[in-house]
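**Q**
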Amino acid sequence: MKKIIITSLFLAFLAAHSFAQSNSYRTLKNKFDESPDVHSFSVGGWACRLIFSLAGEYEFKEAVEDVQHIRLITIPKTEFETKQVTINGFKRFLLQDSYDQLAHIRDNGEEVTIYLRESGNKKNYYFVLIEDESEVVAIELKGYINPDLLKDKKLAFNN
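For the sequence shown, the working numbering gives the first residue as -17, with consecutive numbering after it.
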């Protein structure tokens, strides 16, 4: 009986650890969780691979083969003002949470900032902030994205 209890506790710990959120995502979600018009969801990495498969982008599907979990939250910019929080303040918080900024892109009034926190063993955290006029979308990916498979690849969009 003792072995069963110890084994169960160990498996529960592993399950909780595998779905763990970064401190940055948890802080952002907790800050805005009760706010109106804030939406969040979480899916396994299979959803990311499925999307690329359906789009016929098999190279990208292979690059995200080791993504384990995706979390997304959309927050109206008015809620940042209501909670007296700034987006730049949250970006500084990401850096304090051991994230490194990989890229910052401005395009047609939107800003996309990509961060990475390497943890080794294919358990990295990627954090993407997308800002437009009215809302902020925060996306956290846990796992590993193979950059070698992304070199010289572009998404093919059908117009």
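Each residue gets a CB set at the ideal place from its N, CA and C atoms; glycine is no exception.
Note that the coordinates shown come from a computational prediction; the quantities given were computed from them, not determined experimentally.
(1) Following the continuous alpha helix (DSSP H) through Asn128, name the residue where it begins and the one where it ends.
(2) Select from Glu61, Val110 and Trp28 the residue whose C-alpha is nearest the C-alpha of Leu84.
(3) Say whether the region 87 to 101 touches the region 17 to 37, bearing in mind that this needs 3 or more beta-carbon pairs closer than 8 Å, one atom from each stretch.
(4) Just confirm the distance between the C-beta atoms of Tyr108 and Ile127, as a whole number of angstroms; I'd bet it's less than 8 Å.
(5) Would a C-beta distance cut-off of 8 Å place Glu117 and Lys59 closer than the cut-off?
(6) Is Glu100 closer than 8 Å to Tyr7 when the C-beta atoms are compared?
(7) Quick check for students: name the residue ranges of the alpha helix (DSSP H) that lie wholly in the region 20 to 108, counting only runs of 4 or more.
**A** This is what the structure holds:
(1) Translated into the one-based positions of the sequence shown, residue 128 becomes position 146. First-last for Asn128: undefined, no H or E at that position.
(2) In the sequence shown, residue 84 corresponds to position 102, counting from 1. For Leu84, the nearest C-alpha among the options comes from Val110.
(3) no
(4) Here residue 108 refers to the residue found at position 126 when the sequence shown is read from its first residue. Here residue 127 refers to the residue found at position 145 when the sequence shown is read from its first residue. That belief holds up - the Cβ atoms of Tyr108 and Ile127 are roughly 7 Å apart, short of 8 Å.
(5) As a working mapping, residue 117 is identified with position 135 in the sequence shown. As a working mapping, residue 59 is identified with position 77 in the sequence shown. Going by C-beta atoms, Glu117 is nearer than 8 Å to Lys59.
(6) Within the sequence shown, the letter at position 25 stands for residue 7. Within the sequence shown, the letter at position 118 stands for residue 100. Cβ distance not < 8 Å, so Tyr7 and Glu100 don't count as in contact.
(7) 27 to 36, 40 to 45, 59 to 64 and 69 to 78
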